[in-house]
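Going line by line, the protein sequences match chains A and B.
Under the numbering used here, think of the first position of the first sequence as 14, with each following residue one higher.
Under the numbering used here, think of the first position of the second sequence as 1306, with each following residue one higher.
Ideal Cβ placement from N, Cα and C applies to all residues, glycine included.
Worksheet: one structure, shown below.
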Amino acid sequence: MNVQRLLDIYAIMERLQREGAKGFALCTVAAEFTAFDGAGIALISDDDALTSLCTSDVASGALMELELALGEGPMVDASRGDASEDTDLRETTSSEWAVYRAEAVALGARAVFAYPIRLGAIRFGALSFYRTSPGPLDAQQSSDAYLIASVIGRAILAKQAGGSLVGLAEELDGESTLDFRVHQAAGMLAVQGTLSVKDALILLRAHAFGVGRELSDLAERVVTGKTYFDSNTGEWIDDKAKERDER
Amino acid sequence: MNRESLLIATLVELADNLVDDYDVIDVLTVLAHRCVEAVDVDAAGVMLASPNGELQFVASSSESMTVLELFQIQTNEGPCVDCYKDGLAITNHALSEADGRWPLFTPRALALGFRAVHSLPMRLRGRTIGALNLFRTHQGTLTDDDVVVVQGLADVATIAILQHRSSLDASTLNAQLNNALNSRIIIEQAKGMICQSTGCDMDEAFNRLRAHARNHNEGLTSLATQLVSKSITAHDLDEWVKVISP
């Protein structure tokens, strides 16, 4: 994979972290990394409503408010699952988001791009960008946008699992989003704990943190039955007998 | 069925599948099964690259944990990674202890009983989007004809990824790759739920999901999404009965 671009993201994160002692905004990382004019992140709450997490500049903030107020636009679409873009808001042939378009142009945007932040069926929210000039993305910018959306997804998961954004780059560096055992374990845990799969994944992540295990190691233990969650007591149980059987 | 009849049947099956709103993972699973039948291999699977070039398993002829593990290792190294990076086929690579080419992959593959691997690139207008991986439990060679057949199936797999062929710019292709990869994650989440609810193994969970989707003419991903979002439960799925072919 293109490891260099991932390292570039971590380098931006670490620099911003050093500069602002209280942490950093993921939107600033996203905008700087992709060289768009601005970025915004919205999260989906449990009742399916979108709320703003952060925006990188004044115009992004106004565009975010606009979308949330109207309930239409690229970010709203992306939050439902599919990436969405308009490469020229003034010359569009589409009849979608007519009100949004006119207002967005008035706020200074000329092209908008939005990406889902998700892990399988778990929807965390959406990442949106704007540009003051029209035109499609080249292959690199498009890949970069997906990459940063994926990193932000993991950052949000880490945050919701009680982690801190400080030192996040270091932590994200060691893990893959694509480990099938993590997703299987989240599914199993959702049934064990009568949780949504999203909450199950957050719980899994939080427990991995808490006991100092790699997420994939804990997932492997859940999938093989060596560790399970007791929903009655709210406790994690390590099945010692199962471990002995295997030796 | 001889190979010619099998290939014709496969093409008809795919032509049938590729109309309407088909499910990418399901079509790729069909292809993986047909590879195993068409040439002398024991397992086949497809790995796709994320827009950033990270390889991920998406479909296989077997959903056993051991086969999935061999794909998981290949997110780091292995024949798929090399094939994807170079855009060149790797055929008839015999696995041996002495072979230091893939220090993580080779010992695991050997331990699981595999003796030879092949990997064929999935190419689209100069861009490689993934690789088709074939495993064999005995050494020996795929003939030139075999390679033509499986490369043909890899090309069909590539076409299957592109659900909207009207436009093929970078954004559209990236969106489709991302959707295919995300579909696989949804299916893994659903498999976990089915296993925990019904006490079956992951292999059976997938077969049950797929059988139900087919019986009810639903997309595999759409059915998995309904499970994960809890609009249906694992107990609502049809029973799956393993058919042992004569």
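In the displayed model, residue 1521(B) falls within coil according to three-state DSSP, outside both helix and strand. Here the alpha carbons of residue 146(A) and residue 1360(B) stand approximately 33 Å from one another. Counting only unbroken stretches of 4 or more residues, the alpha helix (DSSP H) elements lying wholly within the stretch 1424 to 1469 of chain B are 1449 to 1466, in sequence order. Interface annotation, residue 156(A): in contact with chain B, CB-CB separation under 7 Å.
An exposed status is given to residue 20(A), since fewer than 16 other beta-carbon atoms sit within 10 Å of its beta-carbon.
Contacts between residue 1502(B) and chain A, judged by CB atoms closer than 8 Å, involve 204 in chain order. In the DSSP assignment, residue 143(A) falls outside any alpha helix (DSSP H) and lies within the beta strand (DSSP E) extending over 135 to 144.
Unbroken beta strand (DSSP E) stretches of 3 residues or longer found wholly inside the stretch 1327 to 1389 of chain B: 1348 to 1354 and 1360 to 1365, given in chain order. Chain A places no beta carbon closer than 7 Å to that of residue 1536(B), leaving this residue out of the contacts. Distance check between residue 1366(B) and each of 1477(B), 1448(B) and 1339(B) places 1339(B) closest, using alpha-carbon atoms only.
Put simply, the backbone Cα of residue 1368(B) is about 26 Å away from that of residue 207(A).
In the DSSP assignment, residue 1307(B) falls outside any beta strand (DSSP E), carrying neither H nor E. For residue 1524(B), same chain residues with a beta-carbon under 8 Å away, outside a window of 5 residues either side, are 1326, 1327, 1328, 1331 and 1518 in chain order. Distance from the CA of residue 1521(B) to the CA of residue 17(A), rounded to the nearest whole angstrom, comes to 45 Å. Remark: three or more beta-carbon pairs, one from each stretch, lie closer than 8 Å, so the stretch 1440 to 1452 of chain B and the stretch 1414 to 1428 of chain B are flagged as touching. Remark: three or more beta-carbon pairs, one from each stretch, lie closer than 8 Å, so the stretch 88 to 102 of chain A and the stretch 119 to 126 of chain A are flagged as touching. Looking at the DSSP output, residue 243(A) shares a beta bridge with 248(A).
The alpha-carbon separation between residue 1362(B) and residue 1349(B) amounts to approximately 11 Å.
Within chain B, the residues whose beta carbon sits less than 7 Å from that of residue 132(A) are 1490, listed in sequence order. Taking CB atoms only, residue 1368(B) has no neighbour in chain A less than 7 Å away. When Cβ pairs closer than 8 Å are counted between the two stretches, the stretch 1504 to 1518 of chain B is seen to touch the stretch 1527 to 1546 of chain B, the count reaching three or more. If you check the CB distance, residue 1379(B) and residue 1385(B) come in under 7 Å. Per DSSP, reduced to three states, the secondary structure at residue 125(A) is strand. Following the DSSP letters along the chain, one finds residue 57(A) inside the beta strand (DSSP E) bounded by residues 51 to 57. Residue 65(A): not part of any alpha helix (DSSP H); member of the beta strand (DSSP E) spanning 63 to 68, first to last residue. For residue 1398(B), the enclosing beta strand (DSSP E) starts and ends at 1395 to 1399.
Spatial neighbours of residue 1459(B) in its own chain (CB-CB distance under 6 Å, excluding positions within 5 residues in sequence) are listed in chain order as 1425, 1427 and 1437. In this structure, DSSP gives residue 208(A) a state outside helix and strand, which the three-state scheme calls coil.
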